[in-house]
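Written below as structure tokens is the structure these notes are about.
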Amino acid sequence: MQDLSEFRLEWNSFWSWCNSRQVPKHLYTADWAKLHNIKPLLKPKPGLPSLLLGEGPYHLPLRVYPTRTKPQLGNVLTIGPSQCGKSTKEKAQIADWDGSVVVNDIKDELRPATAGWRNVVGEGKVYTVDFTGRRAGNCFDPLEGRVTEGELYRAAKHLLYNPEEKEKYWTQRATWMLSRLFLAARILGLRPLPFVARLLPLGLNHAAARLGDISHELASSFLEAEYVPFKDYDGESRSRDDAWTTLSAALRPILTPDILRTFQGSDFSAEDILFSKEPVTVYFCWPEEELEDLQLLIKFVWESLVHDIKRLCRLYPNRPRQKLLLSLDEAGITGLPRLPEDIATLNGRGVSFSLTAQDIEQFTTLYGQSRAKTLMNNIESKITHRQASYDTIRYFQLLLDYKSGYAHSNNRHGELRSEGESEREVPLLTVRQFQELDDEDVVILYRDVPPIWARRLSVTVSPVLEKRLLMLPPPLPALSAPPPFPAFPTYRRSLLGSGHYRISAFATGYPIPLPASG
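Numbering (the numbering used here), first residue to last: 19 to 536.
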């Protein structure tokens, strides 16, 4: 039966090619892809990784395969309004992928549907970093492996970076202060993020005193002034106070007790994802209703992981590694600042992105017009459902190009009659036709293949995929609470002015002599 289907595909593709040779030439030549154009996307190639696009003729899935001249698969973007089937296609792609996968799951849909099969194919190497408050899942420390001052400073910069901020001075100074706190945690052998979370509520003076216990130079570097034990630094420098306030305000929403449970270690690393013998699957689960509050953390987690992937690909270019898929559902609202650049550089290293969004305007809002164009230009496989956005329709309409249409004229003068026609350009798909696409129809653009009119991908296109998506996911392991740190001294603010000694004997257990008056 399989041989018969392949024969029918070959035979009909041949006649499709023959008929295309007999089509008269026109001034405007845009047309939909014929069977012979998409045959390479329909013909199965077992053993090769692929990106799913849609459902083609004979209920066969359309797939992007690597070729001799194009060994990398590239990236794929699915654009469509809510409830059009974008997530369904993403589930099928994750279940179909043979290599490692990192998934951004903001709807709590992708893991329940795909983790069961991924657990089988990866022989148990499925990790879930859950930020939804369930207090279950795996640990992941974005600062794992970062120990030098330079590495910790760059990590602090990534964590606090806000592309929309106009006054960057306070964030830059807060970045320096945060890097000193990270370094102090490393000296003490503690996890940096829980350590910072412990210090933030206690204030600037307490943080300086704790760093002073570790190193006088470290405390002075933190304050950007000579550190004097028991001195009150609150109010002494407005810029320092504002930088500390900026740091505290930025980190408090993401360093809650439930979130801190995930930062106690790392159950996996970028090295595991790339070089493991079995495919590794990682799910980052976020509560959709709290995405705005967690933007800083989402950015930090993803950028840390992508940074490590880039570094490992550079250091070990010839080491055999897993084909890696980065799945970003609803990428238009996730807000990863470096996505336009990452999607371009990682493609050449065998890493593919699978993105979904509601319209192109989401990317324009996030990255600006220029960087949004860079993002779109580095995606060779684009799938669009029915659209209501004029700008998105116009973008695809221009890529579809124009076909020839004819304007007819009839003239009569007495008994004389003349007829004429003039060739003119007509959009391959008008704005109204875009808005009237059927729920099951999609338009696909892929490299040098003419535009493809196809059906949206359904799991029923493959009985194998349908069975995989019915498998139950593995249970989540419980996350324990972070271990308590040793109690810090409790400072009591006195009525002395700023810059004076202010610690009481009660705070330390022994009296502090004040300087003798002169």
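Glycine included, every Cβ here is placed at the ideal spot set by N, Cα and C.
{"Query": "THR193 to SER239 span [Cα, whole Å]", "Result": "12 Å"}
{"Query": "Outcome for SER498 when other beta-carbon atoms lying within 10 angstroms are tallied against a minimum of 16", "Result": "exposed"}
{"Query": "Supposed close pair ILE361, ASN122 - CB separation, criterion 8 Å", "Result": "Not confirmed; about 14 Å, so no contact."}
{"Query": "Entirely enclosed alpha helix (DSSP H) segments - the region 282 to 356, minimum 4 residues", "Result": "288 to 293, 313 to 333 and 349 to 352"}
{"Query": "First and last residue of the uninterrupted beta strand (DSSP E) at TYR145", "Result": "144 to 148"}
{"Query": "Beta-carbon separation (whole angstroms), PHE149 vs THR280, contact threshold 8 Å", "Result": "7 Å"}
{"Query": "Chain-order list of residues whose beta-carbon lies under 7 Å from that of LEU53 (same chain, five-residue window excluded)", "Result": "ASN30, SER31, SER34 and PRO75"}
{"Query": "Sequence-distant residues of its chain with Cβ nearer than 6 Å to ALA349 (five each side left out)", "Result": "LEU373 and ALA375"}
{"Query": "Residues near LEU27 by beta carbon distance below 6 Å, same chain, minus five either side", "Result": "none"}
{"Query": "Local conformation of PHE371 per DSSP, three classes", "Result": "strand"}
{"Query": "Reference ALA288; option with closest CA among LYS317, CYS331, ASP311 and ALA268", "Result": "CYS331"}
{"Query": "Coarse secondary structure for ASN122, derived from DSSP in three states", "Result": "strand"}
{"Query": "CB of TRP377 within 8 Å of CB of GLN415, strictly", "Result": "Here residue 377 is Asp; the residue named in the question, Trp, does not match the sequence. Going by C-beta atoms, ASP377 is not nearer than 8 Å to GLN415."}
{"Query": "Ranges of the beta strand (DSSP E) found wholly within the region 173 to 225, counting only runs of at least 3", "Result": "none"}
{"Query": "Nearest-angstrom Cα separation, counted from ILE470 out to SER38", "Result": "16 Å"}
{"Query": "Spatially closest choice to GLN111 from LEU490, VAL479, PRO492 and ALA154, by CA coordinates", "Result": "VAL479"}
{"Query": "Complete alpha helix (DSSP H) runs within the region 447 to 499 (minimum length 4 residues, chain order)", "Result": "449 to 453 and 481 to 486"}
{"Query": "HIS77, buried or exposed, once every other Cβ within 10 Å from all chains shown has been counted against 16", "Result": "exposed"}
{"Query": "The region 336 to 348 contacting the region 157 to 172, beta-carbon criterion three pairs below 8 Å", "Result": "no"}
{"Query": "Between the CA atoms of GLN101 and LYS421 - distance to the nearest angstrom", "Result": "32 Å"}
{"Query": "Segment limits, alpha helix (DSSP H) that includes LEU128", "Result": "128 to 139"}
{"Query": "The region 184 to 198 / the region 321 to 328 touching (three or more Cβ pairs under 8 Å)", "Result": "no"}
{"Query": "For GLU167: DSSP bridge partner residues", "Result": "Answer is none; GLU167 lacks a bridge partner."}
{"Query": "7 Å CB neighbourhood of SER284 in its chain, flanking five on each side removed", "Result": "CYS157, PHE158, ASP159 and GLU162"}
{"Query": "Cutoff 7 Å; reference THR264; Cβ partners in own chain excluding five residues on either side", "Result": "TRP188, THR189 and ALA192"}
{"Query": "Coil, strand or helix - ALA505 by DSSP", "Result": "Note that ALA505 scores 49 on pLDDT, short of 50, meaning its location in the model is unreliable; the coordinates nonetheless yield the value given after this. The answer is coil: DSSP assigns ALA505 none of H, G, I, E or B."}
{"Query": "Whole-number beta carbon distance between ALA48 and LEU446, since they are thought to touch under 8 Å", "Result": "5 Å"}
{"Query": "Cross-strand partners of TYR76 (DSSP beta bridge)", "Result": "For TYR76, which the question treats as bridged, DSSP gives no partner whatsoever."}
{"Query": "ILE205, buried or exposed, once every other Cβ within 10 Å from all chains shown has been counted against 16", "Result": "exposed"}
{"Query": "Outcome for CYS303 when other beta-carbon atoms lying within 10 angstroms are tallied against a minimum of 16", "Result": "buried"}
{"Query": "Nonlocal neighbours in the same chain, by C-beta distance under 6 Å from LEU273, ignoring five residues either side", "Result": "ALA215"}
{"Query": "Simplified DSSP state of TYR83, which is helix, strand or coil", "Result": "coil"}
{"Query": "First and last residue of the uninterrupted alpha helix (DSSP H) at LYS43", "Result": "Neither: LYS43 is in no alpha helix (DSSP H) and is coded neither H nor E."}
{"Query": "Supposed close pair LEU494, THR146 - CB separation, criterion 8 Å", "Result": "6 Å"}
{"Query": "For ALA267 and GLY65, the rounded distance between their alpha carbons", "Result": "50 Å"}
{"Query": "Proximity of ILE97 and VAL467 at Cβ, strictly below 8 Å", "Result": "no"}
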